[in-house]
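**Student:**
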Amino acid sequence: MRAVMSVSLGLVLVGVLTGCGLFGRGGSAQVPESPTWREDAVAAIRETPGVTAAEVTVNDVDDGGGSTGPVVYGKFTVSGDAQAVVDDALLRLSEVLGPESKGVGLNLSVTSPEGTGQTLGAFGYGGARHGAALWEQTH
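First residue of the sequence shown? That's 9 in the working numbering, and the numbers climb one at a time after it.
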């Protein structure tokens with residue numbers, strides 16, 4: 009009986025501690041550790057050669073389940089070879105976010121030199137819904 013209670017209590021404690029994020033930020037809520045990562049993420053896109061305009065921010069967004077997480081949100085305009093510029097901008101962004109950034113959502117669109125707005129999927133990044141997926145697609 010004592011062993012069962014100890015195991016049960018242990019499982020409850022692990023569940024509570026994991027839910028509270030005391031073992032790090034949790035598997036699905038991982039974000040970069042740098043205190044300036046939000047500004048660095050925006051700068052990574054804005055400062056990419058060929059990006060002529062950028063309205064990009066990092067906002068905390070409610071996921072509908074009661075928890076919030078950061079999302080890199082907005083649009084940027086490119087000139088020249090749109091694919092090459094988008095590839096470079098997203099590589100730079102992924103370098104800021106890192107491979108363990110599953111908790112950072114992505115909601116970006118691109119305006120090409122022709123003036124048409126497109127999602128990242130149009131440039132081959134349809135699966136990049138969060139930072140870790142972007143890392144996988146750019147490395």
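Even for Gly, the Cβ is constructed at its ideal location relative to N, Cα and C.
1. Is it right to say Ser102 is buried, meaning 16 or more other beta carbons lie within 10 angstroms of its own, or is it exposed?
2. For Gly35 and Thr56, what's the separation of their Cα atoms in angstroms?
3. For Asp89, which residues in the same chain have their Cβ closer than 6 Å to its Cβ, ignoring the five residues on either side in sequence?
4. Near Gly106, what residues of its chain come up, given a Cβ to Cβ distance below 6 Å and the 5 sequence neighbours on each side ignored?
5. CA-CA distance, Ala49 and Asp95?
6. If you count every other CB in all the chains shown that lies within 10 Å of the CB of Thr85, and 16 or more means buried, which is it?
7. Buried or exposed: Ala97, going by 16 or more other Cβ atoms within 10 Å of its Cβ?
8. Less than 9 Å between the beta carbons of Gln145 and Gly135, yes or no?
9. Please classify Val94: does DSSP put it in a helix, a strand, or coil?
10. DSSP three-state label for Ser117, please.
11. Which of the three DSSP states is assigned to Glu63 in this structure?
12. Can you give me the C-alpha to C-alpha distance between Gly113 and Val93, rounded to a whole angstrom?
13. Can you tell me which of the three DSSP states Gln126 falls into?
**Tutor:** Looking at the coordinates:
1. buried
2. Bear in mind that a pLDDT of 45 at Gly35, under 50, signals an unreliable position, so the number given afterwards is only what the model happens to contain. Taking the straight line joining both Cα atoms gives about 30 Å.
3. none
4. Pro40
5. 15 Å
6. buried
7. buried
8. yes
9. helix
10. strand
11. strand
12. 21 Å
13. strand
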